[in-house]
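One structure below.
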Amino acid sequence: MGSFALGYLLGMTFSDTSIPANGYTMDRSDRDMTSEEWAKICADDDKSKGLITSKKEWKAAYEKYLKESKDSKEESYWNAWDREFKRGAIERLRTEKGTNVLTFNKQPIYPNITQDMQADLIEKGELKVVNLRSIHTTVAIWADENREEAKNPVYQEYIAKVKAELVKDKGNRIVS
Numbered sequence: 370m371g372s373f374a375l376g377y378l379l380g381m382t383f384s385d386t387s388i389p390a391n392g393y394t395m396d397r398s399d400r401d402m403t404s405e406e407w408a409k410i411c412a413d414d415d416k417s418k419g420l421i422t423s424k425k426e427w428k429a430a431y432e433k434y435l436k437e438s439k440d441s442k443e444e445s446y447w448n449a450w451d452r453e454f455k456r457g458a459i460e461r462l463r464t465e466k467g468t469n470v471l472t473f474n475k476q477p478i479y480p481n482i483t484q485d486m487q488a489d490l491i492e493k494g495e496l497k498v499v500n501l502r503s504i505h506t507t508v509a510i511w512a513d514e515n516r517e518e519a520k521n522p523v524y525q526e527y528i529a530k531v532k533a534e535l536v537k538d539k540g541n542r543i544v545s
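Take 370 as the starting number for the sequence shown in our numbering and just add one per residue.
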């Protein structure tokens, strides 16, 4: 609640100039100080509290705020994008017959892993979905490269090709 509204509710008047915005009530000796003396006391007090006192500090703090704000908005955007991309991949695996995210040269790497199993592995975080924008396809890689399935020679050839595509285009994205 703003200070005006709070003051209004408490019945304070704002015609009294002895109550500055920070709420400190001056006594008679404070009222006799010059504005320069008062500014110095406030600045010294602000510095001891770690508050910003110069225009340069204000500008630096504002620029930092803008950068952090932009970064957090961008991070929020990509988190939402990742979530929806992953959801879409899982949905396609569950609903579209013939979808497979573990294929190499148009052949399944693991014929015994069904579409539903792939969707389950993605949901559990055992498989990561990869958006290969450069070749307009969605694939998956094992989250743990030490698991038994990841040691398959066909998978090793496949992962080398996927990594090469990831390096080619910065628009490619791994979604965990």
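Cβ atoms here follow ideal geometry from the backbone N, Cα and C, with glycine treated the same way. The structure presented is a predicted model; accordingly, all values stated were derived computationally and were not measured.
query: Sequence-distant residues of its chain with Cβ nearer than 7 angstroms to Ala458 (five each side left out); result: Val470, Ile491, Val498 and Thr507
query: Stretch pair the segment 458–467 + the segment 482–491: three plus CB contacts closer than 8 angstroms; result: yes
query: Reduced DSSP category for Ile478 - H, G, I as helix; E, B as strand; rest coil; result: coil
query: Where the alpha helix (DSSP H) through Leu535 begins and ends; result: Pro522 to Lys537
query: Start and end residues, alpha helix (DSSP H) containing Thr464; result: Lys424 to Thr464
query: Residues near Gly540 by beta carbon distance below 6 angstroms, same chain, minus five either side; result: Arg502
query: Residue nearest to Thr464 in terms of C-alpha spacing, selected from Ile478, Asp485 and Thr472; result: Asp485
query: Residue interval of the alpha helix (DSSP H) (run including Ile543); result: Looking at the DSSP string, Ile543 is not in any alpha helix (DSSP H); the run it does join, the beta strand (DSSP E), is Arg542 to Val544.
query: Residue from Asp440, Pro480 and Glu514 whose Cα sits closest to the Cα of Leu496; result: Glu514
query: CA nearest to the CA of Lys455, picked from Ala529, Glu534, Ala509 and Ala519; result: Ala509
query: Distance between beta carbons of Tyr446 and Ile478, contact taken as under 8 angstroms; result: Going by Cβ atoms, the distance from Ile478 to Tyr446 rounds to 32 angstroms, so no, they are not a contact pair.
query: Alpha-carbon to alpha-carbon, Lys530 and Asp451; result: 22 angstroms
query: Length of the line joining the Cα atoms of Thr483 and Ser441; result: 38 angstroms
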